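Asker:
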Amino acid sequence: MVKNTRGRGRGRTASGAPNPVDIHVGARVRLRRTLLGMSQEKLGEAIGLTFQQVQKYERGANRVGASRLYDLSRVLEVPVSFFFDDMPDEISSKSVHERREMSESPDPFDNDPMNRRETLELVRAYYRITDPNQRKKIFELVKSMGALQGTDSDQK
1 MVKNTRGRGR GRTASGAPNP VDIHVGARVR LRRTLLGMSQ EKLGEAIGLT FQQVQKYERG
61 ANRVGASRLY DLSRVLEVPV SFFFDDMPDE ISSKSVHERR EMSESPDPFD NDPMNRRETL
121 ELVRAYYRIT DPNQRKKIFE LVKSMGALQG TDSDQK
C-alpha cells in the first residue's frame with residue numbers, strides 16, 4: 001500500500017509540486033477571467049467558492065474536477081476544451097508517469113507572454129475600441145512594429 005503524504009498525493013509530481021496539466025488549466029482559468037475583467041471574488045461567487053479557492057485553482061495547487069470545469073466553462077463563456085488549448089508540447093506529449101516524475105524545473109508558464117498582466121491589459125484595451133477599422137489599423141501597426149523589432153535584432 002502506498003502512503004499518501006500531504007503534498008505528494010494524486011496529481012502531484014514526485015517532488016510534491018502540482019501537476020503541470022493542473023497548472024496549465026489554472027493559468028487558462030486566470031487568463032479568461034482576466035480577459036473578461038472578472039475578479040476572483042466574482043468568479044468564486046458565480047460557482048460557489050471563495051476567492052481563495054479560485055486562487056488555488058489558478059495556481060494549480062488544487063485540482064479542478066470535471067463538474068467544476070464544466071461550471072467554469074459556463075461562467076467564463078468558453079468550451080471546456082479552452083482550458084487545455086495551447087498546452088506546451090513538453091507537457092502534452094508526456095505520459096502520466098513522465099509528468100508525475102517531472103522535476104521542479106522552471107515553470108514553463110513563467111516566460112509565457114500570455115500569462116503577463118501587461119498582455120491581458122493590452123488585449124482588454126484593444127477590444128474596448130469599438131470601431132473595427134481603428135482596431136484593424138492598430139493591429140496592423142503593432143504587427144509591423146513587431147516585425148521591425150525582429151529585423152533590428154537580426155542585424156545586431
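Per the UniProt record's numbering, residue 1 is the first one in the sequence shown, and the count goes up by one each step.
Backbone N, C-alpha and C fix where the C-beta goes; we use that ideal spot for every residue, glycine too.
As the structure is a prediction and not an experimental result, all values here were calculated from the model.
Keeping to the same chain, check which residues put their C-beta closer than 8 Å to that of Pro79; ignore five residues upstream and five downstream.
Answerer: Ser73
Asker: According to DSSP, is Pro113 helix, strand or coil?
Answerer: helix
Asker: Rounded to whole angstroms, what's the CA-CA distance from Gly60 to Thr50? Just pull it up for me.
Answerer: 16 Å
Asker: Quick one, are the C-beta atoms of Arg68 and Ile91 less than 9 Å apart?
Answerer: no
Asker: Can you give the beta carbon distance from Val25 to Phe84, rounded, assuming they're within the 8 Å contact cut?
Answerer: For Val25 against Phe84, the beta-carbon gap comes to about 7 Å, under 8 Å, which counts as contact.
Asker: With a 10 Å radius around its C-beta and 16 neighbouring C-beta atoms as the bar for buried, classify Gln149 as buried or exposed.
Answerer: Residue environment for Gln149: exposed (fewer than 16 other C-beta atoms within 10 angstroms of its C-beta).
Asker: The alpha helix (DSSP H) spanning Ala46 covers which residue range?
Answerer: Segment Gln40 to Ile47, the alpha helix (DSSP H) holding Ala46.
Asker: Quick check on the DSSP output: the alpha helix (DSSP H) that includes Phe51 runs from which residue to which?
Answerer: Per DSSP, Phe51 belongs to the alpha helix (DSSP H) from Phe51 to Arg59.
Asker: In whole angstroms, what is the alpha-carbon distance linking Ser103 and Val21?
Answerer: Reliability of the predicted coordinates at Ser103 is poor, the pLDDT of 43 falling under 50, and the value obtained from them is presented with this limitation in mind. Between Ser103 and Val21, the C-alpha separation is close to 14 Å.
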